[in-house]
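Read through the structure below, which is laid out as structure tokens, and then see the notes.
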Ligand code: SF4
Ligand code: SF4
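Numbering (the working numbering), first residue to last: 7 to 228.
This is the structure in structure tokens:
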């Protein structure tokens with residue numbers, strides 16, 4: 007899932023402080039799971055904004071909506087009939103949802119209410135960690151299904167650097183060395199021959215550094 011964190015309220019107020027009517031829009035998918043932008047967080051943010059404006063002696067309308075997904079035309083259409091009455095939307099979706107809403111409703115300022123952080127997992131309640139950087143050329147088949155692109159601080163593709171020590175990464179004793187994890191797992195799987203297979207030079211053009219990407223599946227197009 008995409009993991010995000012709530013933005014500080016002061017930052018959001020700075021963007022909407024001159025508005026008279028504000029729509030706070032949540033998303034029912036990833037940001038709900040990571041408790042940054044679902045229905046509950048929409049309610050909390052909307053209440054905080056109302057309180058702020060009330061303390062300022064201003065009458066500002068702050069409404070709430072939570073869409074199934076903000077990265078999907080179909081669900082964004084659900085606010086078409088109401089969106090024009092607002093001066094701005096604060097979207098609690100990830101950066102993808104914020105942009106897609108802004109593309110669809112071109113005259114509406116859409117401000118992000120969360121900081122989108124990474125694609126990752128919920129390790130336990132309140133702990134999320136990164137697992138994939140969407141490099142566009144997955145190499146998990148030869149790394150014991152542990153991603154060195156997102157989990158090795160140096161993105162090394164052919165084994166650990168000299169700084170790996172006692173299973174920890176040299177940049178922080180709190181971080182496991184990704185390559186130690188890979189080696190341990192390959193040993194467990196009895197697949198150490200995968201470790202011997204030299205990774206070819208990676209084509210980073212399929213990664214974010216190669217510019218924005220698009221996937222077109224002709225079989226799914228109408
Ligand atoms: S190798 Fe690339 S696509 Fe596969 S998990 Fe890592 S970053 Fe994601
Ligand atoms: S110590 Fe391990 S995880 Fe850290 S940079 Fe070196 S190989 Fe990568």
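Cβ coordinates follow ideal geometry from the N, Cα and C atoms, glycine included. Here the structure is a predicted model, which is why all the values come from computation and not from measurement.
Item                                                                                                                             : Value
Beta-ladder partner(s) of residue 19, from DSSP                                                                                  : Paired residue(s): none; residue 19 is not in a bridge.
Any non-hydrogen atom of ligand 1 within 7 Å of residue 156 CB                                                                   : yes
Residues near residue 69 by beta carbon distance below 6 Å, same chain, minus five either side                                   : 29
Start-end ranges of the beta strand (DSSP E) lying completely within the region 151–208, minimum 3 residues                      : 178–182
Collapsed DSSP secondary structure at residue 146 in the structure displayed                                                     : helix
Alpha-carbon to alpha-carbon, residue 135 and residue 172                                                                        : 21 Å
One or two residues paired with residue 232 in a DSSP bridge                                                                     : In the structure as shown, the chain starts at 7 and stops at 228, and residue 232 therefore has no counterpart that could be examined.
Endpoints, beta strand (DSSP E) assigned at residue 133                                                                          : 133–138
Three-state class that DSSP yields for residue 234 in the structure shown                                                        : The structure shown does not extend to residue 234, since the chain is modelled only from 7 to 228, so the question has no answer here.
Reduced DSSP category for residue 2 - H, G, I as helix; E, B as strand; rest coil                                                : Any answer about residue 2 is impossible in this case: the structure gives the chain only from 7 up to 228.
As assigned by DSSP and simplified to three states, the class of residue 126                                                     : strand
Cβ contact (3+ pairs, closer than 8 Å) linking the region 105–123 and the region 16–33                                           : yes
Sequence-distant residues of its chain with Cβ nearer than 7 Å to residue 138 (five each side left out)                          : 125, 153 and 156
Buried or exposed (CB count within 10 angstroms, at least 16 for buried), residue 192                                            : buried
Three-state secondary structure (DSSP) of residue 213                                                                            : coil
Beta-carbon contacts of residue 46 that lie in its chain and below 7 Å, excluding the five residues immediately before and after : none
For residue 71, the residue or residues it bridges with in DSSP                                                                  : 31
CB contact below 8 Å: residue 157 versus chain C                                                                                 : Among the protein chains of the structure shown there is no chain C, as only one such chain exists.
Beta-carbon proximity of residue 37 to residue 128, cut-off 8 Å                                                                  : no
Ligand 1 heavy atom lying under 7 Å from the CB of residue 19                                                                    : no
Cβ separation of residue 33 and residue 9, assumed to be a contact under 8 Å, to the nearest whole Å                             : With a Cβ gap of about 13 Å, residue 33 and residue 9 do not count as contacting.
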